[in-house]
Amino acid sequence: MAVSQGKKSVETDADITFNETTVSIVPDKASMRESAKEFAYSDIKNIDYSFAKKPMLSGGGAIATALLVGFIVAIPFLFVKKKRHWAVVQTENDFAVLKLGTNNHRQVISEFKAKGVTVSELKEEGKK
């Protein structure tokens, strides 16, 4: 999970718990637990899933996230060299950026879909 700390962002391990009506994302480190997120499935507008060097966002999602976060949080993602599995969970007023594991990305995305959440699978430009 990408967590903002002041004017920068850091990545931290986090636990995702799928409850009956909500999903909880809680950082493992006690010092970052104030960054925990809980979203009702009904409040989630969209999840942008991508396999890319940095998290990809749909057009509307990119604008909303830029307004909420600002450019500073996006800076660490500019230096990622290896492709990763990303999921950006977006509600009307909040969001969470998740770097998913190679072994669990399908399971996490399937769980969101099973809960009725729309998942947009984005591709890098020029890729099919």
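Per the working numbering, residue 862 is the first one in the sequence shown, and the count goes up by one each step. Just so you know, even glycine gets a beta-carbon here, dropped at the ideal spot from N, CA and C. All values derive from a computational prediction rather than experimental measurement.
With 16 other Cβ atoms within 10 Å as the buried cut-off, status of residue i
{"i": "S903", "result": "exposed"}
{"i": "S892", "result": "exposed"}
{"i": "A901", "result": "exposed"}
{"i": "A875", "result": "buried"}
{"i": "A975", "result": "exposed"}
{"i": "Q990", "result": "As shown, the chain starts at 862 and ends at 989. That puts residue 990 outside it, with no answer to give."}
Sub-8 Å separation of residue i and residue j beta-carbons
{"i": "E982", "j": "F879", "result": "no"}
{"i": "M862", "j": "L959", "result": "yes"}
{"i": "K898", "j": "I886", "result": "yes"}
{"i": "I905", "j": "V969", "result": "no"}
Inter-residue spacing [alpha-carbon to alpha-carbon] between residue i and residue j
{"i": "N954", "j": "K915", "result": "22 Å"}
{"i": "K890", "j": "A957", "result": "17 Å"}
{"i": "A948", "j": "Y910", "result": "4 Å"}
{"i": "I877", "j": "A913", "result": "21 Å"}
{"i": "S896", "j": "V980", "result": "23 Å"}
{"i": "T963", "j": "K943", "result": "12 Å"}
{"i": "A935", "j": "T882", "result": "Residue placement at A935 is flagged as unreliable, the pLDDT there being 49, under the threshold of 50; the coordinate-derived value follows with that caveat. Going from the Cα of A935 to the Cα of T882 covers about 30 Å."}
{"i": "P888", "j": "T873", "result": "6 Å"}
{"i": "H946", "j": "R967", "result": "10 Å"}
{"i": "V871", "j": "K984", "result": "25 Å"}
Secondary structure of residue i, DSSP reduced to three states
{"i": "E972", "result": "helix"}
{"i": "A891", "result": "helix"}
{"i": "D874", "result": "coil"}
{"i": "D955", "result": "coil"}
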